[in-house]
Amino acid sequence: MKPFRYDRAGDVSRAVATLARERGGVFLAGGTNLVDLMKLGVMEPDVLVDVRRLTSAEIEDLPDGGLRIGAAVTNSELAADARIRSRYPVLSQALLSGASGQLRNLATTGGNLLQRTRCVYFYDTTTPCNKREPGTGCSALEGWNKDHAILGASGHCVATHPSDMAVAMTALEAVVRIQGPGGERAIPITELYRLPGQDPHRDTTLENAELVTAVDLPALGFSSNSRYRKVRERASYAFALVSVAAALQVHEGVVGDARIALGGVAHRPWRAGKAEDFLRGKAAGEESFRAAAEIELAGAAPLRDNAYKVPLARNIMTRTLLELSGQR
Amino acid sequence: MDVDITLKADGREHRIAVDPRTTLLDALRERLGIYGPKKGCDHGQCGACTILLDGKRALSCLALAVAHDGAEIITAEGLAASGELHPMQRSFIEHDAFQCGYCTPGQIVSAVGMVEEAGAGWPSYVTRDVSAAHIPLTDEEIRERMSGNLCRCGAYANIVPAIRGAAGGRPR
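Residue numbers (our numbering), protein chains in the order written: chain A, 1 to 328; chain B, 1 to 172.
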């Protein structure tokens, strides 16, 4: 591992100021992804600014009935919180489907959001990768691409975002709170992540030295009727091939409202807005759910090895919505 | 530049100066002579390096020692610090829950942490209703909660009953 300077800033403002000053520095939280990337030489920061003990490790009630999750809350604590389990079960399930018990005890909310893709070429420093080394090319385009994106990819990158937690937060319209050199701001999680376009080395819209300090979950009347379904190559401890996070409101057999996001299909957690729009006012049943999934996936552009993700995404969306409507 | 840190490992306090690149796993094994945590994959994929870090099971290969200055660590050796084997260790022996033994300290420490988590009411991905107040520790729950510990000999068939036995459960 390349040598680096370890900096334990006294508070968030000093941490941000340190990173604004030191190009080539990164924030360290739980370290479960970053330390591995450093061992492999995929990331070689000059400075690590440790923020794990600086941001909040609390989950607070918000006046509107939502919750504010401090960036340092661990994945385990978040999944086990009684309010999350009863009001946002989709988030608890998504967290519990990710990694292992040991990793979830170290991994934080902020770090989970900012983990890097698990594309094998991103990890293999002997191969070209535009995300790791801009301008070198994408090895997955013509390579082994069964795990890669079917939506929103570009000719420069077909990587997927690996987080389960972020898929649930995308369905729940979470708001990410950020502190940077210019002050504080808050953005919808859908605006945190970006599509690869011409510059896939950028996973997010965060600017240099901006730190995620908290995530707000807005109150949603029907979020208790929600669930996360993940399909992977073994029953546990594996990344998603495809996953779905959904919340559904049904009145007398008619869909009142829906929130749906897909994981494992794109460079960011994929909010299925077209499917949601289609479903409002439709009969809650297999025909509508399948049609909604088809509409969302109409723009899918599979690669040589990942065409299976299209019917897989359609089927788990349909099945999950059926379950949430009490029909399965 | 080395950094001075304090680690309380298996009940003993140690002050050491470490290169910031040192993981807790390397600090324990190379500096403190505590060999229970094993270096299996060194990439957070196998669970052989599992320790209790401030009371919670964690992977010592992905934790930088400098970031855990002042931490309290318990390894498989520390579970038996009084000279008496921990009930989980006894149960692994009684159930013949290992073959080569390389993953065993990680399995045992992970199991001890896991039983605590389940006792605190934490759900898992196989829990049907995550909002349930009481979640029985079935074999399905044990398997899911222990999925971060790999055993290449395939001793799982005896590891599950060993954990069930120490946790006070019946076969299901």
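Just so you know, even glycine gets a beta-carbon here, dropped at the ideal spot from N, CA and C.
Alpha-carbon spacing of residue i relative to residue j, whole angstroms
{"i": "F27/A", "j": "V49/A", "result": "5 Å"}
{"i": "A186/A", "j": "D216/A", "result": "9 Å"}
{"i": "D2/B", "j": "I150/A", "result": "47 Å"}
{"i": "S154/A", "j": "I59/A", "result": "37 Å"}
{"i": "E294/A", "j": "A284/A", "result": "16 Å"}
{"i": "Q93/A", "j": "A240/A", "result": "13 Å"}
{"i": "A275/A", "j": "Q198/A", "result": "28 Å"}
{"i": "L322/A", "j": "D139/B", "result": "29 Å"}
{"i": "D11/A", "j": "H134/B", "result": "39 Å"}
{"i": "R85/A", "j": "E142/A", "result": "42 Å"}
{"i": "L126/B", "j": "E144/B", "result": "According to the sequence displayed, residue 126/B carries Val and not Leu. Their Cα atoms are separated by approximately 7 Å."}
{"i": "S325/A", "j": "G101/A", "result": "31 Å"}
{"i": "E30/B", "j": "K8/B", "result": "15 Å"}
{"i": "A219/A", "j": "E184/A", "result": "22 Å"}
{"i": "R164/B", "j": "R229/A", "result": "28 Å"}
{"i": "R388/A", "j": "A76/B", "result": "With chain A covering 1 to 328 only, the question about residue 388/A has no answer from this structure."}
{"i": "G329/A", "j": "H161/A", "result": "With chain A covering 1 to 328 only, the question about residue 329/A has no answer from this structure."}
{"i": "A63/B", "j": "A298/A", "result": "43 Å"}
{"i": "I61/A", "j": "P181/A", "result": "Before going further, note that residue 61/A is Asp rather than Ile in the sequence given. If I take the Cα positions, the gap works out to 27 Å."}
{"i": "P134/A", "j": "R202/A", "result": "10 Å"}
{"i": "D81/A", "j": "G121/B", "result": "10 Å"}
{"i": "V167/A", "j": "A97/B", "result": "38 Å"}
{"i": "L201/B", "j": "N75/A", "result": "The structure shown does not extend to residue 201/B, since chain B is modelled only from 1 to 172, so the question has no answer here."}
{"i": "K282/A", "j": "V254/A", "result": "6 Å"}
{"i": "A71/B", "j": "L279/A", "result": "51 Å"}
{"i": "A167/B", "j": "G40/B", "result": "26 Å"}
{"i": "R21/A", "j": "T23/B", "result": "27 Å"}
Reference residue i; option with closest CA among the options
{"i": "A29/A", "options": "R68/A, V73/A, A17/A", "result": "V73/A"}
{"i": "T213/A", "options": "L113/A, S100/A, A82/A", "result": "L113/A"}
{"i": "R23/A", "options": "W144/A, R53/A, Q179/A, A209/A", "result": "A209/A"}
{"i": "L96/A", "options": "R87/A, G111/A, L78/A", "result": "L78/A"}
{"i": "D10/B", "options": "D96/B, I108/B, I74/B", "result": "I74/B"}
{"i": "A140/A", "options": "A313/A, N306/A, Q327/A, L324/A", "result": "N306/A"}
{"i": "C153/B", "options": "T104/B, R21/B, H68/B", "result": "T104/B"}
{"i": "S82/B", "options": "L7/B, R164/B, Y156/B, R12/B", "result": "R12/B"}
{"i": "T190/A", "options": "N75/A, A174/A, E184/A, Q179/A", "result": "A174/A"}
{"i": "Y88/A", "options": "D46/A, T18/A, N225/A, A17/A", "result": "N225/A"}
{"i": "I316/A", "options": "K282/A, V265/A, I178/A, A17/A", "result": "V265/A"}
{"i": "A291/A", "options": "L303/A, R319/A, K309/A", "result": "R319/A"}
{"i": "C46/B", "options": "P20/B, K38/B, L53/B", "result": "K38/B"}
{"i": "A57/A", "options": "G273/A, G263/A, I69/A, A159/A", "result": "I69/A"}
{"i": "D69/B", "options": "E84/B, I16/B, S147/B", "result": "I16/B"}
{"i": "C61/B", "options": "C49/B, D54/B, L32/B", "result": "C49/B"}
{"i": "C151/B", "options": "G106/B, S91/B, R90/B", "result": "G106/B"}
{"i": "A155/B", "options": "L79/B, I51/B, H95/B, M88/B", "result": "H95/B"}
{"i": "D124/A", "options": "R52/A, H267/A, M43/A, R8/A", "result": "M43/A"}
Host alpha helix (DSSP H) of residue i (start-end)
{"i": "E13/B", "result": "No alpha helix (DSSP H) contains E13/B, which is instead part of the beta strand (DSSP E) from 12-18."}
{"i": "Q99/B", "result": "Note, Q99/B: premise wrong, no alpha helix (DSSP H); not H, not E."}
{"i": "L220/A", "result": "No alpha helix (DSSP H) contains L220/A, which DSSP labels as neither H nor E."}
{"i": "P311/A", "result": "309-324"}
{"i": "P105/B", "result": "104-119"}
{"i": "A300/A", "result": "That residue, A300/A, is in no alpha helix (DSSP H); it is neither H nor E in DSSP."}
{"i": "L191/A", "result": "A quick correction: the sequence has Glu, not Leu, at residue 191/A. Start and end: 189-192."}
{"i": "L279/A", "result": "273-279"}
{"i": "V130/B", "result": "Note, V130/B: premise wrong, no alpha helix (DSSP H); not H, not E."}
Residue span of the beta strand (DSSP E) that contains residue i, given as start and end
{"i": "V250/A", "result": "242-251"}
{"i": "L7/B", "result": "3-9"}
{"i": "K56/B", "result": "56-59"}
{"i": "A143/B", "result": "First, the residue type needs correcting, since residue 143/B is Arg and not Ala in the sequence shown. Careful: R143/B lies outside any beta strand (DSSP E), inside the alpha helix (DSSP H) at 139-145."}
{"i": "Y228/A", "result": "226-231"}
{"i": "D199/A", "result": "Run containing D199/A: none; DSSP gives neither H nor E here."}
{"i": "A258/A", "result": "254-263"}
{"i": "E207/A", "result": "Looking at the DSSP string, E207/A is not in any beta strand (DSSP E), and its letter there is neither H nor E."}
Contact with chain D by residue i, beta-carbon distance below 8 Å
{"i": "A166/A", "result": "The displayed structure is made up of protein chains A and B, and chain D is not among them."}
Whole runs of the beta strand (DSSP E) within the stretch 62-144 of chain A, excluding any shorter than 3 residues: 67-70
3 or more residues per run - each beta strand (DSSP E) lying fully within the stretch 5-66 of chain A: Within the stretch 5-66 of chain A, the runs of beta strand (DSSP E) at least 3 residues long that lie entirely inside it are, in chain order, 5-7, 25-28, 47-50, 59-61.
Interface positions of the stretch 83-111 of chain A facing chain B (Cβ-Cβ less than 7 Å), listed along the chain: R85, S86, P89, S92, Q93, L96, S97, S100, G101, Q102, L103, N105, L106
Complete beta strand (DSSP E) runs within the stretch 37-93 of chain B (minimum length 3 residues, chain order): Fully enclosed beta strand (DSSP E) runs of 3 or longer: 50-53, 56-59, 72-74.
Members of the stretch 98-122 of chain B near chain A, C-beta cut-off 8 Å: S110, G113, M114, E117, A120, G121, W122
Under 8 Å (Cβ pairs) to chain A, residues found in the stretch 11-27 of chain B: D19, P20, R21, T23
Chain-ordered residues of the stretch 36-49 of chain A with a beta carbon less than 9 Å from chain B: D36, M38, K39, L40, L48
Near-chain A residues of the stretch 46-61 of chain B (beta-carbon distance less than 7 Å), N- to C-terminal order: Those would be G47, T50, K56, R57, A58, L59, in chain order.
Near-chain A residues of the stretch 64-89 of chain B (beta-carbon distance less than 7 Å), N- to C-terminal order: L64, V66, A67
Secondary structure, alpha helix (DSSP H): runs of 4+ residues fully inside the stretch 143-174 of chain A: 165-171
Chain B contacts made by the stretch 305-319 of chain A, where a contact means CB separation under 8 Å: none
Positions along the stretch 220-244 of chain A whose CB lies within less than 7 Å of some CB in chain B: S236, Y237
Contact set between the stretch 123-156 of chain B and chain A, restricted to residues whose Cβ is under 7 Å from the partner: Taking 7 Å as the cut-off between beta carbons, the residues of the stretch 123-156 of chain B near chain A are P123, S124, Y125, V130, S131, E144, R145, S147, G148, in sequence order.
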